[in-house]
Amino acid sequence: MSDSARVSAEAGRDALARLLAVVSAGQLAAVARDIFPFLPLPEAFDWNDGRRVVDKIATLDSPVPDVPPLVVYATRLSHEVGPAHSVELGRWADVAGQGAGLSEGRLRRLLVEIGPAGRDLNLPPPPHAAHYADKSRVPDTDAQSEDSLSSLSTLPGSPALAGSTDSGRIWGNVPPRNPDFTGREGLLLNLQRSLEAKNKASVLPHALHGSGGVGKTQLAVEFAYRFGERYDLVWWVPAEQQTLVLQSLAELGQKLGIPGTQEFTQAASLVIEALARTDKRWLLVFDNANDPTDLDHLIPSSGGHVILTSRNPAWLDVWDAVKVDVFDRPESIELVQRRGTNITEVEADRLAAKLGDLPLALDQAASWQTATAMTITEYLSLFDQHFDELSARDRDVNYPLSIAALVKLALERLQRDAPAVAQLLEMFAVFGAEPISVGLLRRGRLGTISQPLARALRDSTAPDRMARDLRKYGLAKVDVENRIQVHRLLQVALRDILDEELLDRGRTNVHRLLGAANPGEPDDDGTRELHAEIAPHVNPSGLINSAEEDGRRTVLDQIRYLWNIGDYDGSRRLGQAAVDAWVERTDQPDLGPDGELTLLASRHLSNALLSLGINGRARELAESTLARLRKSPEFGPDHEHTLWTAATVAVALRVAGEFKQALALEQENVDRYVRVFGAEDATTLRNQGNLAVNLRMLSDFPGAFKIDDSIVLRLDETLTEDHRRLLFAQSNLVRDLYGLGKYEEALQLQGRILPIFRRTMNDARHPMVLLASRTLAMALRKTGRYDEALQVARENYHDCVARYGEAHEHALAATMTYANTLRVGGSLSEARGLAVDAVARYRRTFGDLHPLTLVAQVNEAVIQRSIKNLDEAHRLDVAAHRAMIDILGADHGYTLCAASGLANDLALLGDDQAAHRLSSETLAISQRSRGPEHPYTLLCAVNATFDRIAVGETTQGEEELASVVGALSELLGTAHPETLGARLGRRAECDIEPPPT
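For the sequence shown, the tail end lands on 980 under my numbering, and the numbers increase by one without skipping.
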């Protein structure tokens, strides 16, 4: 032992001897004989000599492994003396134990483990939940429960593909195999070798490049069928639009058995995560990808094989490429003879030469020849005629002119023989590239479509015949689900060859059909399938600029639909495009700056911006929209549109940290809802819930509880226990209980409803489920169940980061919850790293003086103080406390937490007088604002008594300490970590859980 260590040990023994001097000899002897049964002492041993007692106990074998005997003795003795002296002995044991390498948690457990024989200091069970099962009200805190939280230990972990395909291989959305696929053997072999040569941990996908019509997609389809048996999973992803990729990956997630999610962005993340982790063999094909920046985060980077088809040469700089060109002549001849009727090799050669060996053109020409029984000579004569006409137009095109000649030839034949089919083909010049189902055509039949197409769509069998005609002439593919798809190159050619009148007719028909087929109600899950089919055709068809009101309302519904499925960026892009276009138009009453559709699109756009964290722009737009709605003679301040927009503004104000302004707006909004719709209306209740959110932000938990309890009571009378509105309202009530310091009650209610919430939402990472899971972790921690809390907090943290990304408000809040839980569990280094990172992200996202940033700063200071970085903790607390007083007020709960932390800094830095002044002031405010029995008020009281003793007011301080330790024992339990900490003489910490806005 070094000289300094020896001196420190001697000083510690002297300090303990002084503490023993005020304990009776009988107590000292009884405790020693109780914990050291074979005590080798003479009968005449002097128990009144404290130093001799200390020296003797130090030589004995400890009854607790790895714990010094004096620490055991002092801890056990602390149970036998008065409260004030108990704290002094506990504090000595705490310091000596930590000096011996024991953690704070181990010392707390020791205090429980070696209490007097027969004393049960285990944590009490949670209170009975029967009252909640009936009315979801606050339970009777005196009731005992036989329930347990064992079900909470089975929590969803990271998704994994393993075990999810027990029913066999997964094969999805791959287009039908082309029975006339010809040639390409070398390309298929090169692609197969290239994919399998890559290491599975770092495989790089390969892209197929080439000009339009060369057969990239067909090559990928053939590869999937030919080599599919080598994979456990083969999945086809239409990739022209990001929303389509999200939808396809979400569908794959269902096939994999990954916990469901209603938001496609999250579903895609789960699928990518699962594919990266599995040892299964899988192949994904992304067909017709556009910009690499739109897809790079949606393509798995490891774990399997990816094929991507694209016409965009930018992919050449991203992945290795297999270039696809036109057919070799023998391949062309083989395809023409296989697809055509009675075509000789010479004729096939002539046709191939004329069409430049382009696979798409050869396939269409051969189909035409079979459908019309026309000879190759006649066909080529007509082809040359149309080709010459198109060439004479002196128009630059970025595709083979032969394609345009073929399409023009087919279109003229249809216009003569089947005009309804010709009009349907005109519409495909306007539709997007994704398939259109015959069912969607039938659903849109009530639109004001041009004749004779309108009559055909209303006929029960004609739509199927029209689809077959398009396929027969080689103009479209029709899959087994009766969906019609025209090749992109044929669509481009159609747009070029149709005159302005016909193209305008096709566009108008598309707008009217989509408007009639639109199911509306984008918030209803039952409409999602139809909205999903319409989505790929909104932008290509120019629906935003439609002259049809139903068409424009379809755009509005699509903005909301995309937001509902979690495609926030897609919602933002469409919403911004609609607002930009509609604000400039005055030709329709629903357009222009004050038009209904413009204002509604602006509100939807604000929501998308908020979801993306673009908060300043969202607020500006929402406030402007609200002002226009209030001034509008058509709507005014009491209209539904106005009230909904006001709710969006209130959210933006909360996100900006302007809680008082948000509260005032929400109160006004609720008053209007009650006046216009009645107190029992569903939208009124929803907005009352928003009002309670604002009250929580301002630390008015009693007011929030009163509102939320009333909402739960009303909903419980009419809704089943698994209805999402009731579950959401109950989760809000849990947050009120937590804020009121009723941690056991919060834990019981959240523990009961969370499994129901998960089943109902069918989504372990639904935003509401994630919030409820975080609240569960918070309640577990505050009831002293640190191990369970750490498990839940860790998984919630990982789920939130995966769901939102690291910089999102909810992910940052989950990070702070995890850091707080790590701190109380003793993992201080990891807690510090998370907290420091979270504070930096809060500052970048919200600014230095935002309340959420300041909350995180207070939490970081708690952790810095725990690892003895006192100067840094003091710096953080001074800044946070000063700012919170200015922004929130001195009596706000967050400000009180900052003040408590600052008083701790002052005490630990040796400024006892300043610490005493601040802790006493903080206690007085907490008693007034939180109430004298709130757990945080009692923790403030613990610190205030320590400070009173430190400044020499020993007698009063010890009396108050004894009283507050008793109150903590009664409120939280004798074995609660906070109670034990107070008995060990530790200053209490008042950390903060960031609230959801």
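Beta carbons: idealized from backbone N, C-alpha and C, even for Gly.
Given this structure, state the Cα-to-Cα distance separating Ile975 from Phe929, to the nearest angstrom. 22 angstroms
8 angstroms contact criterion, which Ala476 and Ala387 should meet: CB distance rounded: 4 angstroms
Element boundaries [alpha helix (DSSP H), containing Arg451]: Ala445 to Lys455
For Val819 versus Cys880, is the C-beta spacing smaller than 7 angstroms? Annotated as distal: Val819 and Cys880, with beta-carbon spacing of 7 angstroms or more.
By how many angstroms is the C-alpha of Gly672 removed from the C-alpha of Ala712? If I take the Cα positions, the gap works out to 7 angstroms.
Check the DSSP bridge columns for Lys460 and list the partner residues they point to. Bridge partners of Lys460 according to DSSP: Gln468.
Nearest-angstrom Cα distance between Gly33 and Leu60? 13 angstroms
Taking the alpha-carbon of Phe462 as reference, which of Thr608, Pro158 and Leu732 has the nearest alpha-carbon? Residue identity differs from the one stated: residue 462 is Asp in this sequence, not Phe. The shortest Cα separation from Asp462 among Thr608, Pro158 and Leu732 belongs to Pro158.
From Ala560 to His706, what does the alpha carbon distance come to, in whole angstroms? Ala560 and His706: Cα-Cα distance of roughly 36 angstroms.
Mind listing, in chain order, the continuous alpha helix (DSSP H) runs of no fewer than 4 residues lying wholly within the stretch 530 to 596? 532 to 547, 551 to 565 and 579 to 594
On the CB-based measure, 16 or more other CB atoms within 10 Å of its CB, does Ser812 come out buried or exposed? exposed
Can you give the Cα-Cα distance for Tyr56 and Glu71, rounded to whole angstroms? 13 angstroms
DSSP three-state label for Asn156, please. coil
From Asp425 to Leu440, what does the alpha carbon distance come to, in whole angstroms? Rather than Asp, the amino acid found at residue 425 in this sequence is Arg. Their backbone Cα atoms lie some 6 angstroms apart in a straight line.
Are Ser810 and Asn779 close, meaning C-beta to C-beta below 7 angstroms? no
Taking Cβ to Cβ, would you say Glu728 is nearer than 7 angstroms to Leu720? yes
Hey, how far is the Cα of Cys295 from the Cα of Lys199? Per the sequence shown, the amino acid found at residue 295 is Asn instead of Cys. Asn295 and Lys199: Cα-Cα distance of roughly 12 angstroms.
Helix or strand or just coil, what does DSSP make of Lys263? It is coil, neither helix nor strand.
Just the Cα atoms here: how many angstroms apart are Gly151 and Leu232? 19 angstroms
Check the C-beta distance from Ala500 over to Ile527 and give it rounded, since I have them as a contact under 8 angstroms. With 8 angstroms as the limit, Ala500 and Ile527 do not qualify as a contact, their Cβ atoms being about 17 angstroms apart.
The stretch 202 to 211 contacting the stretch 222 to 238, beta-carbon criterion three pairs below 8 angstroms: no
Confirm, please, whether the CB-CB distance from Leu392 to Leu365 is below 7 angstroms. yes
Using the Cβ count rule (16 or more neighbours within 10 Å means buried), how would you classify Pro572? exposed
Distance, Cα to Cα, Ala821 vs Gly893? The straight-line gap from Cα to Cα measures roughly 30 angstroms.
Own chain residues within Cβ distance below 6 angstroms of Leu678, not counting five before or after: These residues qualify, in order along the chain: Gly686 and Ala687.
Return the CA-CA distance between Leu574 and Arg488, expressed in angstroms with no decimal places. 23 angstroms
Only counting the same chain, and skipping five residues up and downstream in sequence, which positions put a Cβ closer than 6 angstroms to that of His520? Phe414 and Gly415
Tell me the residue span of the beta strand (DSSP E) that contains Thr292. His288 to Ser293
Can you look up Ile241 in the DSSP assignment and give me helix, strand or coil? Coil.
Give the straight-line distance between the Cα atoms of Lys118 and Glu704, rounded to the nearest whole angstrom. A caution first: Lys118 carries a pLDDT of 34, below 50, which makes its placement in the model too unreliable to give a value.
Would you report the Cα separation of Ala(-2) and Trp75, rounded to the nearest angstrom? 8 angstroms
With a CB to CB cut of under 8 angstroms and the five nearest residues on each side skipped, what residues in its chain are close to Gln1045? Any property of residue 1045 remains undetermined from this structure, which presents the chain solely from -16 to 980.
With Trp351 as the anchor, note down where its alpha helix (DSSP H) starts and where it stops. Pro342 to Thr355
Sheet register partners of Phe269 (DSSP bridge): Val220 and Leu291
Limits of the unbroken alpha helix (DSSP H) element including Asp692: Phe684 to Thr701
Are the C-beta atoms of Thr631 and some chain C residue less than 7 angstroms apart? Looking for chain C here will not work: only one protein chain is present.
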